Amino acid sequence: MAFRTFSGRFLAGLALTGFMLAAAGCQSGDNGILNLGIGKKDPTAPPPPQDPKVLASQLQAYCPRVTVRDGTAFFNTYGKDVQKSKPKLKKTGDAAQDAAAQAAADAAAATPPDDSARIIYQASISDVTRDCSRANGQLTMKIAVAGRIVPGPKFSPGTITMPIRTAVMHGTEVLYSQLHQYQVQVTDPSVATQFVFTDSSVVVPEPTAQDYQAYAGYDETAPKATTDKPKKTHRKKVATN
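Heads up: the sequence shown is residues -22 to -1, 1 to 219, going by mature numbering (1 follows the signal peptide of the UniProt record, and there is no 0).
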């Protein structure tokens, strides 16, 4: 009898709990805590947000941002290294002592010199900007680079040639890339020399989305331009009678 009574109470409890859950689901609707997916959606609820689309006016006003990559904001020029002759080591007759002295001399000769003491000029880029125009399905950019040149310990008045590269990319595709050998005259060792470089020849296809990226900075990895010296021609002397 005890088992039957317990079973009857257990089944009655399950029925009561199911009724309460169903009633709570009907009352709460879609916004209730106990939403079991049975209720209807609220017709007054706002639709989910859609992906923002770029308007034609925004695309027409779009001008790719210019970035200076890490490691391309500084450019140093150095004086020539003075090659020091290796000192002659006197033999002491002790093989171990002579070997240790030779190893110390070789290590000192292999140690690179202090580059900071050999700097002639140190140039840096402080700001970049751009301007854009459109015509005939093409985007023309004017990229400007501003910076300064600080005289170093080995300063001497003269001209510094800075390798400045400007580029425009679409993802991994290079749309434009040009290396400029920009020269600035430096005469005063007591103050920094300001400079502004402008590349007005950047022409790329007109973008269909705001996904172009422009770059400007020093490029010391590019090979230097070489000029072929004119070959000397020897004229044969014509014998005259």
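Backbone N, C-alpha and C define an ideal beta-carbon position, used for all residues, glycine too. Computed from a predicted model, the values in this text were never measured in an experiment.
- Less than 8 Å separates the beta-carbon of I103 from that of G195.
- Out of L37, V146, G115, the CA that lies nearest to the CA of V44 is found in V146.
- Selection P185, I97, P167 evaluated against N54 yields I97 as nearest (Cα-Cα).
- Taking the CA atoms as reference points, D93 sits about 14 Å from P129.
- Taking 8 Å as the cut-off, the beta carbon of E198 is found no closer than this to the beta carbon of P135.
- Selection G149, S111, V162 evaluated against G125 yields V162 as nearest (Cα-Cα).
- Rounded to the nearest whole angstrom, the CA to CA distance from V174 to A101 is 12 Å.
- Our two residues, T22 and Q38, have alpha carbons roughly 37 Å apart in a direct line.
- Rounded to whole angstroms, R143 and Q80 show a C-alpha spacing of 46 Å.
- Y99 and D177 have their alpha carbons spaced roughly 23 Å apart.
- Spatial neighbours of T139 in its own chain (CB-CB distance under 8 Å, excluding positions within 5 residues in sequence) are listed in chain order as Q159, Y160, Q161.
- Comparing alpha carbon positions, the residue from T137, G115, D105, R112 closest to V123 is D105.
- Taking a contact as a CB-CB distance under 8 Å, the pair A192 and R108 counts as one, their CB atoms being some 6 Å apart.
- By the 16-neighbour rule on beta-carbons within 10 angstroms, V180 is buried.
- The beta carbon of P167 sits closer than 8 Å to the beta carbons of P129, F133, P135 from its chain, once the five residues preceding and following it are set aside; these are given in chain order.
- Rounded to whole angstroms, V164 and L157 show a C-alpha spacing of 22 Å.
- CA-CA distance, V152 to C41, rounds to 17 Å.
- Between the C-alpha atoms of L117 and T150 there is a straight-line separation of about 19 Å.
- Distances from the alpha-carbon of Y154 to those of I127, A82, Y190 put Y190 closest.
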